[in-house]
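Protein chains: 2
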Amino acid sequence: MDLLEGIMTRRSVREFSEREVSGEELEKILAASSRAPSGLNNQPWRFVIVRSASTRGQLAALTRYGPIIRNASLCLAVFLDGNAVYHHVKDCQAIGACLQNMLLAAHGLGLGGVWLGEILKNGAEVRRLLEVGEDLELMAVLALGEPKGKGEETDRKRLQELVLKEW
Amino acid sequence: MDLLEGIMTRRSVREFSEREVSGEELEKILAASSRAPSGLNNQPWRFVIVRSASTRGQLAALTRYGPIIRNASLCLAVFLDGNAVYHHVKDCQAIGACLQNMLLAAHGLGLGGVWLGEILKNGAEVRRLLEVGEDLELMAVLALGEPKGKGEETDRKRLQELVLKEW
Chain S
1 MDLLEGIMTR RSVREFSERE VSGEELEKIL AASSRAPSGL NNQPWRFVIV RSASTRGQLA
61 ALTRYGPIIR NASLCLAVFL DGNAVYHHVK DCQAIGACLQ NMLLAAHGLG LGGVWLGEIL
121 KNGAEVRRLL EVGEDLELMA VLALGEPKGK GEETDRKRLQ ELVLKEW
Chain H
1001 MDLLEGIMTR RSVREFSERE VSGEELEKIL AASSRAPSGL NNQPWRFVIV RSASTRGQLA
1061 ALTRYGPIIR NASLCLAVFL DGNAVYHHVK DCQAIGACLQ NMLLAAHGLG LGGVWLGEIL
1121 KNGAEVRRLL EVGEDLELMA VLALGEPKGK GEETDRKRLQ ELVLKEW
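Taken in order, these protein sequences are the chains called S and H.
According to the numbering used here, the residues represented by the first sequence are 1 to 167, in order.
According to the numbering used here, the residues represented by the second sequence are 1001 to 1167, in order.
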């Protein structure tokens, strides 16, 4: 798939077939994540891979979007490593770039996914469930899989609304 | 360019040829930016386009990376719209995804760029210079152009360092 076409056609995918994401596909998605830029190249992103249905079930109970987590064959919990932080705003932006790389890579592999943020309200419980230390701040959960049906269209603002001024 | 290949081969570009980024290229980069995901689809990103050499010169004076801004034919100042904010961390992540889409789109067009964050320390001065309101929070400046020479290689952590656990 072409790069520009991929950026323009990626959609959030919330329903998945039963096919599992392969180890090879996961490796490509993680390799893509690590190519994101970060301030001072601090690469503050850390991942917990969640394939187990029972762990996904417990994770699902921590967000109103639980059905998506139960339905996806693979979830990635993405954390900001407190030991790598140098500027919280820039680190959160870097994590966003990293998440976007993963979503685009999944799209390029014929997979799909959705970035779940509502679960951040239960960040501490997610940490305890996944047994990671308090120095890890939950940033998002990605649910990934083979799309069932089309992703959902969402409106976008017109460029005239986004460009404030030209110099 | 292939999507996965594009993600893996994008590098920060800090030196540019004299060729200007065309209006058509800029439009594609902005279209890509707006396809980023955001929480509740709030699309909090706003842009100021800076082509003018004199305005770029004044912008350059506000960061130690000024020479890059002077050398790039096009800069984009990216702001978070305080009127669109719903959760600052998630909004900063969405801006990161938006910036990454722009950098990837530029790469796909044979252009290159770099995400400048150090200038955030002078966010208020940038706002005054570009004449945008106080409800706009500076998130980054992108310097874009046709690469002169190769982008710089930067190390990446091994995936074993990034994956904390598997469930």
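Note that beta-carbon positions come from the ideal geometry of N, C-alpha and C, so glycine has one too.
Predicted, not measured: the structure shown is a model, and the values here were computed from it.
Answer yes or no: do S/Val89 and S/Asn42 have a C-beta to C-beta separation smaller than 9 angstroms?
Contact: no.
Is the distance from the Cβ of H/Leu1026 to the Cβ of H/Leu1074 below 9 angstroms?
Contact: yes.
Using a C-beta to C-beta distance shorter than 7 angstroms, which residues of chain S count as neighbours of H/Ala1097?
The answer, in chain order, is Gly96, Ala97, Leu99, Gln100.
When DSSP builds the beta bridges, which residues end up paired with H/Lys1165?
The partner list for H/Lys1165 (beta bridge, DSSP) reads S/Val48.
Can you give me the Cβ contacts of H/Arg1046 inside the same chain, cut-off strictly under 7 angstroms, excluding the 5 residues immediately before and after it?
So the qualifying residues of the chain are Phe1079, Asp1081, Leu1136.
For a cutoff of 9 angstroms on Cβ pairs, would you count S/Ala32 as touching chain H?
With 9 angstroms as the cut-off, S/Ala32 counts as an interface residue toward chain H.
Please confirm whether S/Leu130 has its beta-carbon closer than 9 angstroms to some beta-carbon of chain H.
Interface residue, yes.
Is any beta-carbon of chain S found at less than 9 angstroms from that of H/Ala1143?
It does not: the Cβ of H/Ala1143 has no partner Cβ on chain S nearer than 9 angstroms.
In this structure, what does DSSP give as the bridge partners for H/Val1126?
Per DSSP, none; premise fails for H/Val1126.
Have a look at H/Pro1067, H/Arg1010, H/Gly1113 and flag the residue whose alpha-carbon is nearest the alpha-carbon of H/Val1021.
Checked all of H/Pro1067, H/Arg1010, H/Gly1113; the closest Cα to H/Val1021 is H/Gly1113.
List the residues that DSSP assigns as beta-bridge partners of S/Ala77.
Answer by DSSP bridge pairing, in chain order: S/Val48, S/Val141.
Cα separation between H/Leu1040 and S/Met139?
Cα-Cα distance, rounded: 16 angstroms.
Okay, do the segment 1138-1158 of chain H and the segment 1116-1123 of chain H touch, 3+ Cβ pairs below 8 angstroms being the bar?
These segments touch.
Taking the beta carbon of H/Arg1146 as the centre, do at least 16 other beta carbons fall within 10 Å, making it buried, or is it exposed?
Per the sequence shown, residue 1146 of chain H should be read as Glu rather than Arg. H/Glu1146 comes out buried.
If you run the structure through DSSP and keep just helix, strand and coil, what is S/Val114?
It is a strand residue.
Exposed or buried, which one is H/Asp1155 when buried takes at least 16 other CB atoms within 10 Å?
The residue is exposed, with fewer than 16 neighbouring Cβ atoms inside 10 Å.
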